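Residue numbers (my numbering): 2 to 213.
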């Protein structure tokens, strides 16, 4: 069921949040920019995202893509509930950086694997700077393979969207909306048909990262 409270069935056009499957979509877009000569994977991120402050060591897009950028994951201390500020809606990519921009790095970039959703938020800011285009517009380009992919905010109230659920003891209820506009690691939403097309696009690309 797409919505247990309203008894709405799942169809092939029902939109689901893709969660961390958004990461390879973001990575595909970044690497295509690199292929086209619009982005240097080894340049400091500030070249494309000047809103992010300088750190003790430089951070590159290559390191962020591999979770080697030293950016923390959700909780500043590595444990506990997700902070409330990280699930609210942000008007822009740069605005969302303030969640983690002032935090120290957890390790010198390139030296330690640390799975980081916020690292991909910074990747998204780099993408916008290199492409001179908003993230949500760029990833809808058919050349990225996700031309009909939406963001979670755009389908928050759509009847064609599957709802998030939470689990009280006696029943299933729709969850409150959780904003993930701050995260290019998990913000995408797509139907099963659309995601199948993206998977086929990745499998059948003839050359390069994902040749259109």
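Where is the CB? At the ideal position from N, CA and C, for every residue including glycine. All figures in this text were calculated on a predicted structure; none of them were measured in a lab.
*Taking C-alpha atoms, which residue in 62, 71, 18 and 53 lies nearest to residue 35?*
Of the candidates 62, 71, 18 and 53, the one whose C-alpha sits nearest the C-alpha of residue 35 is 62.
*Looking at residue 102 and residue 54, is the spacing between their C-beta atoms short of 8 Å?*
yes
*Does the beta-carbon of residue 136 have 16 or more other beta-carbons within 10 angstroms, so that it is buried, or is it exposed?*
buried
*In three-state DSSP terms, what is residue 62?*
helix
*Tell me whether residue 192 is buried or exposed, calling it buried when 16 or more other Cβ atoms sit within 10 Å of its Cβ.*
Its Cβ being crowded by 16 or more others within 10 Å, residue 192 is buried.
*Could you have a look at residue 191 and say whether DSSP puts it in helix, strand or coil?*
Three-state result, residue 191: strand.
*asked:* Using the three-state DSSP reduction, which class does residue 45 fall into: helix, strand or coil?
replied: strand
_Cβ neighbour criterion (16 or more within 10 Å) applied to residue 118_ = buried
*Which of helix, strand or coil DSSP assigns to residue 18*: strand
*Residues that residue 9 bridges to, as DSSP identifies them*: DSSP lists 4 as partners of residue 9.
_Per-residue DSSP class, three states only, for residue 160_ = Low confidence applies here, because residue 160 scores a pLDDT of 46, under 50, leaving its location unreliable; read the following figure in that light. In this structure, residue 160 counts as coil in the three-state DSSP scheme.
_On the DSSP letters alone, give me the boundaries of the alpha helix (DSSP H) that residue 120 sits inside._
118-132
*Out of 46, 66, 52 and 50, point me to the one whose CA is closest to residue 58's CA.*
For the residues 46, 66, 52 and 50, the minimum Cα distance to residue 58 belongs to 46.
*Give the secondary structure of residue 139 by DSSP, where H, G and I count as helix, E and B as strand, and everything else as coil.*
helix
*Alpha carbon to alpha carbon, what distance is there between residue 123 and residue 214?*
Here the chain covers residues 2 to 213 and nothing more, so residue 214 does not appear.
*Which word fits residue 11, buried or exposed, when buried means at least 16 other C-beta atoms lie within 10 angstroms of its C-beta?*
exposed
*Consult DSSP for residue 112 and reduce its assignment to one of helix, strand or coil.*
Coil, per DSSP.
_Residues near residue 66 in its chain [Cβ-Cβ closer than 6 Å; skip 5 each side]_ = 28
*Continuous alpha helix (DSSP H) stretch holding residue 1: start and end*: For residue 1 there is no data in the structure shown, the boundaries of the chain being 2 and 213.
*Between the Cα of residue 19 and those of 199, 60 and 33, spot the shortest distance and give me the residue it belongs to.*
Residue 19 has its Cα closest to that of 199, out of 199, 60 and 33.
_Length of the line joining the Cα atoms of residue 1 and residue 17_ = A question about residue 1 goes unanswered here, because the residues of the chain that appear run from 2 up to 213.
_Distance, residue 71 Cα to residue 40 Cα_ = 21 Å
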